[in-house]
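Each residue of the sequence shown is one higher than the one before, counting from 96 in the numbering used here. Using N, Cα and C, we set each Cβ at its ideal position, and we do this for glycine too. The next block holds one structure in the form of structure tokens; read it before the comments.
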Amino acid sequence: MINKQLLTPESIVVIGGSNNIHKPGGSVVRNLINGGYKGVLRIVNPKEDEVQGIMVFHDAKELPPTDLAILVVAARHCPPYVEFLAKEKQVKAFIVISAGFGEETQEGAALEQQMLDSCERYGCALIGPNCIGLLTRTHHSVFTRPIPTLHAKGVDFISGSGATAVFILESAVTKGLPFNSVWSVGNGKQIGIEAVLEYMDEHFDPERDSMVKLLYIENIADPDKLLFHATSLIRKGCRIAAIKAGSSERGSQAASSHTGAIASSDSAVEALFRKAGIVRCFSREELTTVGCIFTLPRFSGKNFAIVTHAGGPGVMLTDALSKGGMNVPKLDGQRAEELKKLLLPGSSVANPIDILATGQPEHMEAAIDFCENQFDEADAIMVIFGTPGLVKVYEVYDVLHRKIQECKKPIFPILPSVSTAGPEVQEFMQKGHVNFSDEVTLATALTQIMRTPEPAEQHVEIMGVDVPRIRRIIDGIDHDGYIEPSLVHELLESAGIPTVPEFVGSNKEEITEFAEQCGYPVVLKVVGPVHKSDVGGVALNIRSKGVLEAEFERMMQIEGATAVMVQKMIKGTELFIGAKYEPRFGHVVLCGLGGIFVEVLKDVSSGLAPLSYAEAESMIKSLRAYKILKGTRGQKGINRKKYAEIIVRLSTLLRFATEIKEMDINPLLADENDVIAVDARIYVKK
């Protein structure tokens with residue numbers, strides 16, 4: 096629970112505060128004093144009479160009632176302090192900076208639980224343990240540095256790691272990114288990242304609160320809560336970006352199917368973030384760069400004008416933007432000639448607009464004004480200007496400051512000379528601006544933002560899916576494991592997913608009869624082994640009875656074979672849809688090119704069931720192979736609408752059949768008219 100005593104305490108006591116500012120107890124006191132805390136600050140330390148100018152209580156029993164307690168003592172002393180202060184001194188909020196709890200030992204976990212029990216008993220808020228503290232505009236209850244610039248419209252930053260939070264702050268400070276609050280939740284025994292988002296959502300005031308939230312997450316304890324409140328905040332106008340660390344599958348055992356081999360906890364995180372509309376980042380620099388972009392005015396276009404005084408950075412920025420699916424439109428014709436007249440001879444105006452190393456402040460201003468007023472194709476302007484040693488950089492940055500305030504189009508300042516023009520860059524940022532010192536990092540961050548969809552609708556698309564029949568089929572299965580092909584076919588049929596005509600049997604005459612009924616050519620597939628291709632269990636394009644019978648006899652000799660499936664041979668682009676159940680998250684649905692491509696290229700997109708049409712379409716568009724699906728070089732594309740519909744239908748099936756723990760349809764064969772499931776496997780755990 097988050098309460099007013101935690102956020103706006105009228106009194107704070109530091110248990111273990113000291114004069115040694117090189118230790119947490121002294122450092123947190125220093126930060127509280129230097130941060131201008133206006134309430135009553137108290138210290139408990141049995142060995143000191145005065146700490147940093149503040150009279151000290153030698154024993155907690157001497158304390159008057161206090162709102163917030165910050166504990167910086169050995170772990171074993173923390174539970175007794177929490178119990179006593181909550182019961183006897185009416186303390187309603189605790190920040191436990193101390194380590195040595197559940198993150199280390201079972202004994203530490205027991206101590207941690209004791210503190211939580213006390214806080215729950217007396218209705219107290221608990222941050223930590225094992226954290227750097229809480230930083231707000233009211234009180235700087237952290238023991239670390241740097242302390243960033245704080246104001247109401249700065250970003251809210253929530254971190255599951257104290258040390259990482261410090262490094263992210265270091266990255267942010269160099270960019271001029273302002274903060275409203277910094278939450279280090281540590282072990283998050285009571286208040287984790289999800290709880291902080293919940294509070295921010297339920298108490299959101301657009302006039303008062305920050306519109307930007309940055310997250311560093313090591314463990315998603317409650318995915319549903321994170322999804323609900325992140326989605327709600329984004330719909331209220333907020334923007335959220337996050338790093339989720341620890342998502343790799345190093346050391347995991349190989350899974351038994353296509354889906355298991357590529358689905359992972361990372362896929363679940365990706366799907367959750369996409370569903371919520373959270374911009375996913377993968378490094379501190381990327382997270383803080385996205386945060387800086389979020390502080391600029393919103394824009395919806397993808398076209399950029401680049402104003403630079405150095406050709407190389409302009410070219411690299413153009414390449415990075417183009418790679419990310421954005422545009423640097425060409426400027427030519429009469430307008431280009433008009434701009435040339437305003438710049439030095441030899442300037443390039445094709446876009447990037449290179450005003451040359453000898454360009455003066457007035458030349459940069461002329462280029463920006465031109466992009467603002469006459470370059471209609473440009474949605475935003477990027478300005479690269481370091482120190483060539485030929486102009487007074489202060490004057491250039493003064494012009495840039497003024498243009499950012501005046502122009503309607505967003506301006507991205509890229510000021511790379513943070514060393515040789517350090518004072519000038521600092522003065523520019525002190526005027527309330529951010530700085531993107533590296534143009535490629537900026538373009539990468541923009542790409543992540545542009546590729547992040549809006550929050551998805553939170554409802555199940557039924558659209559004729561026969562839910563009662565699905566439940567009858569699932570309830571009738573009496574074992575765990577892969578289910579027989581006939582049941583797979585029935586489940587797909589119940590979901591309205593089209594399948595190719597097929598027959599499964601162990602009798603050669605019956606197989607031959609079906610093949611002749613549906614017409615050659617046909618396909619034979621062994622039933623039993625999981626990976627049919629690996630054991631020679633697939634025969635394509637069979638055009639005669641003799642070949643069919645020979646292949647049937649060969650396949651029945653394969654180890655583990657129980658039957659053979661015969662299907663009508665159809666052609667088309669091979670697609671893949673799979674799903675895997677992830678504990679706490681639910682079903683992660685995957686899509687991409689099928690056949691061997693899904694395993695070799697791993698070009699897949701993920702979504703969290705249940706899925707909407709918009710989510711399915713976004714998944715398809717995010718594939719690297721999307722150009723193939725649209726059609727390229729004279730080749731017709733596939734029916735993407737039907738592909739999206741099948742993805743949605745599959746997610747609905749999974750919503751009502753949670754016993755399905757893993758499945759894949761590989762391949763689906765698609766052309767411009769139809770998308771048909773050819774082969775599927777379903778693993779059930781009752």
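- Note: Asn-398 is bridge-paired with Asn-422 in the DSSP secondary-structure output.
- In its chain, beyond the 5 residues on either side, Val-108 have a beta carbon closer than 6 Å to the beta carbon of Arg-137.
- Cβ contact annotation for Glu-767 (same chain, cutoff 7 Å, sequence separation greater than five): Lys-731, Gly-732, Ile-733 and Asn-734, in chain order.
- The residue from Asn-398, Phe-394, Thr-326 and Met-421 with its alpha-carbon nearest to that of Val-374 is Thr-326.
- Per DSSP, Gln-662 is one residue of the beta strand (DSSP E) stretching across 658-663.
- The three-state reading of DSSP puts Cys-173 in helix, counting H, G and I together.
- In its chain, beyond the 5 residues on either side, Val-444 have a beta carbon closer than 6 Å to the beta carbon of Ala-431.
- Leu-439 is positioned such that its CB atom lies no closer than 8 Å to that of Gly-428.
- When the five nearest sequence neighbours on each side are left out, the beta carbons in the same chain lying within less than 6 Å of the beta carbon of Gly-111 are those of Gly-120, Val-167 and Val-168, in order along the chain.
- In the assembly as shown, Asn-314 is an exposed residue. Its beta-carbon has fewer than 16 other beta-carbons within 10 Å.
- The Cβ atoms of Tyr-577 and Ile-777 lie closer than 8 Å to each other.
- With a 10 Å radius around the Cβ and a threshold of 16 neighbouring Cβ atoms, Ala-247 comes out exposed.
- Taken in chain order, the unbroken stretches of alpha helix (DSSP H) that lie wholly in the segment 234-295 and span 4 residues or more are 257-270.
- Annotation: Ile-506 to Ser-276 spans about 26 Å, alpha carbon to alpha carbon.
- Judged by pairs of C-beta atoms under 8 Å, the segment 701-709 touches the segment 363-381, as three or more such pairs exist.
- Restricting attention to Asp-493, Ile-222 and Ala-400, the CA atom closest to the CA of Val-280 is found in Ile-222.
- The residues Pro-104, Glu-105, Ser-106 and Ile-107, in chain order, have a CB closer than 7 Å to that of Gly-134 in the same chain once the five nearest residues on each side in sequence are set aside.
- The Cβ-Cβ distance between Ala-475 and Phe-399 falls below 8 Å.
- Around the beta carbon of Asn-282, 16 or more other beta carbons sit within 10 angstroms, so the residue counts as buried.
- DSSP, read as helix, strand or coil, puts Gly-111 in coil.
- Shown here for Asp-144: same chain residues with a beta carbon closer than 7 Å to its own, the five before and five after excluded, namely Val-151 in chain order.
- Between the beta-carbon of Val-595 and that of Val-770 there is about 11 Å, and that puts the pair past the 8 Å contact cut.
- Contact between the segment 293-303 and the segment 267-275 is absent: fewer than three C-beta pairs spanning the two stretches fall below 8 Å.
- The alpha-carbon of Ala-645 is positioned some 46 Å away from that of Glu-556.
- Proximity of the segment 399-414 to the segment 467-485 meets the contact definition, three or more beta-carbon pairs being nearer than 8 Å.
- DSSP, reduced to helix, strand and coil, places Val-444 outside both helices and strands of the structure shown, so it counts as coil.
- Between Val-661 and Ile-606, the CB-CB gap stays under 8 Å.
- Annotated three-state conformation of Arg-719 is coil, per DSSP.
- By the neighbour-count criterion, in which a residue is buried when 16 or more other Cβ atoms sit within 10 angstroms of its Cβ, Pro-408 is buried.
- According to the DSSP assignment, Met-477 belongs to the beta strand (DSSP E) that extends over 475-479.
- For Asp-759, the uninterrupted beta strand (DSSP E) segment begins and ends at 755-765.
- For the segment 131-212, the continuous alpha helix (DSSP H) assignments of 4+ residues that do not extend past its boundaries occur at 173-183, in sequence order.
- Assigned with DSSP and collapsed to three states, Leu-635 falls in strand.
- Annotation: the segment 482-516 contains the following complete segments of the beta strand (DSSP E) (minimum length 3 residues), in chain order: 506-509.
- Excluding sequence positions up to five before and after Ala-363, its CB lies within less than 8 Å of the CB of Pro-318, Glu-677, Phe-680, Val-683, Ser-701 and Leu-703, all in the same chain and listed in chain order.
- A Cβ-Cβ distance of about 15 Å is found for the pair Ile-286 and Lys-308, leaving them out of contact under the 8 Å criterion.
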